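Notes to accompany the following structure.
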DNA sequence: GGCATGACTCCCA
DNA sequence: CTGGGAGCCATGC
């Protein structure tokens, strides 16, 4: 596993319950602010292998963009279950945004 | 190495 | 508010 991917993984796992982070934010903490898409990919490919809290990850505006899955619970449901208020598919970042105490900054 | 792929982000009309 | 376009980059074939 590439260092970047591993860092992203660690950061995602460090997100406290009831808090959220944006893709770009995670990418930034992992040392590459431009790699939001890779963060996405990590979630996509590893979410089933490692029960990742993917629902705590939203886009830069705190909005839920994932297409809804009728069978499974929506991201919104999962978040609300953790005490996060979701308004029109959007989350008040000023209240729930989270920033890890540790970062990888650069290399 | 090249080429396609994204659950992104930013900017502007 | 919506929509379009460009930039970005790790990963897999």
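Residue numbers (my numbering): 1 to 107. Ideal placement from N, C-alpha and C gives every residue a C-beta, glycine not left out. Quick caveat: nothing in here was measured; it's all calculated off a predicted structure.
For residue i, collect the residues of the same chain with a Cβ closer than 7 Å to its Cβ; drop the 5 residues on either side in sequence, then sort them by chain order.
{"i": "residue 80", "result": "86"}
{"i": "residue 60", "result": "22, 24"}
{"i": "residue 98", "result": "15, 16, 19, 20, 21"}
{"i": "residue 30", "result": "4, 7, 8, 11, 104"}
Tell me, please, which residues DSSP counts as bridged to residue i.
{"i": "residue 37", "result": "DSSP, once it has assigned bridges, lists no residue as partnering residue 37."}
{"i": "residue 56", "result": "None, per the DSSP bridge assignment."}
{"i": "residue 89", "result": "None, per the DSSP bridge assignment."}
{"i": "residue 22", "result": "58"}
{"i": "residue 68", "result": "Residue 68 is not bridged to any residue."}
{"i": "residue 63", "result": "90"}
Determine the closest residue to residue i out of the options, with distance taken between C-alpha atoms.
{"i": "residue 3", "options": "19, 42, 17", "result": "42"}
On the three-state DSSP scale, how would you describe residue i?
{"i": "residue 80", "result": "helix"}
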